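Please read the structure below before turning to the comments.
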Amino acid sequence: RGQEKAENLDAIQKAKEGRAAVAEAITIMKSFYGKAARAKVLLQRESPVDADTAGAGFEGAYRGKQTASVGILGMLEVVESDFDRAVRHTTEAEKKAHAEFTEFEQASKADIAGKETKKKLDEEDLAATESAIESKMGDMKDNMDMLDAALKTLQELKPTCIDSGMSSADRVAKREEEVKALKKALCILDENDVEPLCASE
């Protein structure tokens, strides 16, 4: 875009210079031929040389080639018009190119900014998701450890919970016997009669 702008400005400058030069040439020619058309002959006395010869070879004031000047001035005016048109067209083309470039640049910047914002938000979402996954994995490990401990405890309790074929009354009686046996063993070990349970024995 910078090169295109430089080329357009250079073309406009050259066209303006050309137009100015042609306009100056037209002004000079119009001035010259305008004065020549109104020229008058200065009265001169005949010199002795002219008396013996045919003279200077012309009569009256020199008015220039008025007919030819019209064609030349016409061509110069066409050239001036071409330069003027080149200036206008190139200026319009530069304005249009500048407007299109500005619009494209603004749209591109907005698009890039939008994509950068989206990228940043996506990265933040990804980081949050990874953090949540890590946290959930930790929770799942804790839950699995708790489940393993519960299953282990269940396995340990299972033999005592399995039906041994004894009735409830039999189990109660058996436990009472076990308690008595434990008390007896405790009292045997209690040589100093410290335990209150053994005082009544």
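Residue numbering for the sequence shown follows the numbering used here, beginning at 95 and increasing consecutively.
Even for Gly, the Cβ is constructed at its ideal location relative to N, Cα and C.
Bear in mind the structure is a predicted one, so any value in this text is a computation, not a measurement.
If we ignore side chains and look at the alpha-carbon of each, how far apart do Ala243 and Ser229 end up? The straight-line gap from Cα to Cα measures roughly 21 Å.
Reducing DSSP to helix, strand and coil, say where Ser261 ends up. Under the three-state reduction of DSSP output, Ser261 falls in the coil class, being neither helix nor strand.
For Gln107, which of Lys189, Glu210, Phe177 and Thr211 has the nearest alpha-carbon? Ranking Lys189, Glu210, Phe177 and Thr211 by Cα distance to Gln107 puts Phe177 first.
Specify the secondary structure class of Arg95 as computed by DSSP and reduced to three states. Coil at Arg95, not helix or strand.
Same chain only: Cβ atoms within 7 Å of Val173, ignoring 5 sequence neighbours per side: Closer than 7 Å at Cβ, skipping near neighbours: Val116.
Taking Ser175 as the reference, give the member of Ile120, Asp216 and Ser225 with the closest Cα. Of the listed residues, the one whose Cα sits closest to Ser175 is Ile120.
Classify Ala109: buried if its beta carbon has 16 or more other beta carbons within 10 angstroms, exposed otherwise. If you draw a 10 Å sphere on the C-beta of Ala109, you find 16 or more other C-beta atoms in it, and that means buried.
Euclidean distance between Cα positions of Gln138 and Met123: With a pLDDT of 45 at Gln138, under the threshold of 50, the modelled position of this residue cannot be trusted; read the value that follows with caution. Gln138 and Met123 have their C-alpha atoms roughly 28 Å apart.
With distances taken from CA atoms, which of Val273, Phe126, Glu250 and Glu186 is nearest Leu103? Nearest of Val273, Phe126, Glu250 and Glu186 to Leu103, Cα basis: Glu186.
Nearest-angstrom Cα distance between Ala105 and Glu194? One alpha carbon belongs to Ala105, the other to Glu194, and they sit about 20 Å apart.
Mind checking Glu184: buried by the 16 CB within 10 Å criterion, or exposed? First, the amino acid is wrong: residue 184 is Thr here, not Glu. Of the residues assessed, Thr184 falls on the buried side of the cut-off, its CB having 16 or more other CB atoms within 10 angstroms.
Mind checking Arg113: buried by the 16 CB within 10 Å criterion, or exposed? Classification for Arg113: buried.
Which same chain residues end up closer than 6 Å to Glu188 when comparing Cβ atoms and leaving out the 5 residues on each side of it in sequence? Within the same chain, Glu188 has close Cβ partners Asn102.
So, for Glu171: in the same chain, excluding its five sequence neighbours on each side, which residues have a beta-carbon less than 7 Å away from its beta-carbon? The answer, listed in chain order, is Ile120.
Whole-angstrom C-beta distance between Ala191 and Glu98, which should lie under 8 Å: Here Glu98 really is in contact with Ala191; their C-beta atoms are around 6 Å apart, less than 8 Å.
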